[in-house]
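Visitor: Convert by adding 6 to the 1-based position in the sequence shown; the result is the number in our numbering.
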Amino acid sequence: MNEPTAYSHRAGHESTAVEVHTPTPLTPAHTAPLVPMQPGTIPTVASVVLPDGRVVTGYAIEPAKPEPVAAKPAVSRTAVNIALGGVGFLAVCGGLLMLTAFITALTALVTQLVILAAVIFGGWVAVQVFSASHRGGTTVNIRKAVIKRNKFYG
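Laid out in structure tokens, this is it:
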């Protein structure tokens, strides 16, 4: 415990040179992403010899395979939608023609009813006006009036 060190200056001991070892820092290793494995299967172990003679052993990781690209259909979806819209429009046109014919017929019916009402009402008015019988009405005799100097003499 009380052994002399290189820093102690006791009489009779010579000082010796101190050798310092500095550790080399390790670079952090980048871990590979985990690949999901089927249960019960053990991946094969691969060994790689580096140019400086070191051997690195580890599991082989298969590169990720891209998903297959879906084949484009022969006909564009836009073209199919336009064609279906045209078919739907043609189907509606028949109904629109029927609706137009119905509105025209309804307009003609209303016009004829108005004319019939005018004829009947006009006939009733004509009968009332041109009837010759005077049944208990008030008779008014109009005489020639004379106005002299802003006075009415009737």
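Beta carbons: idealized from backbone N, C-alpha and C, even for Gly. Fair warning: this is a prediction, and the values are worked out from it, not measured in the lab.
(1) List the whole-angstrom C-beta distance separating T63 from V81, where the pair is believed to meet the contact cut-off of C-beta under 8 Å.
(2) Sort out for me which residues DSSP pairs A52 with in a bridge.
(3) Give the DSSP-derived three-state secondary structure of T117 in the structure shown.
Guide: This is what the structure holds:
(1) Your numbering for residue 63 matches position 57 in the sequence shown. Your numbering for residue 81 matches position 75 in the sequence shown. In fact, because the Cβ distance is near 55 Å, the residues do not count as touching under 8 Å.
(2) As a first step, residue 52 must be located in the sequence shown, where it is residue number 46. Note: A52 sits in a beta bridge opposite G64.
(3) Taking the first residue of the sequence shown as position 1, residue 117 is located at position 111. T117 falls in the helix class under three-state DSSP.
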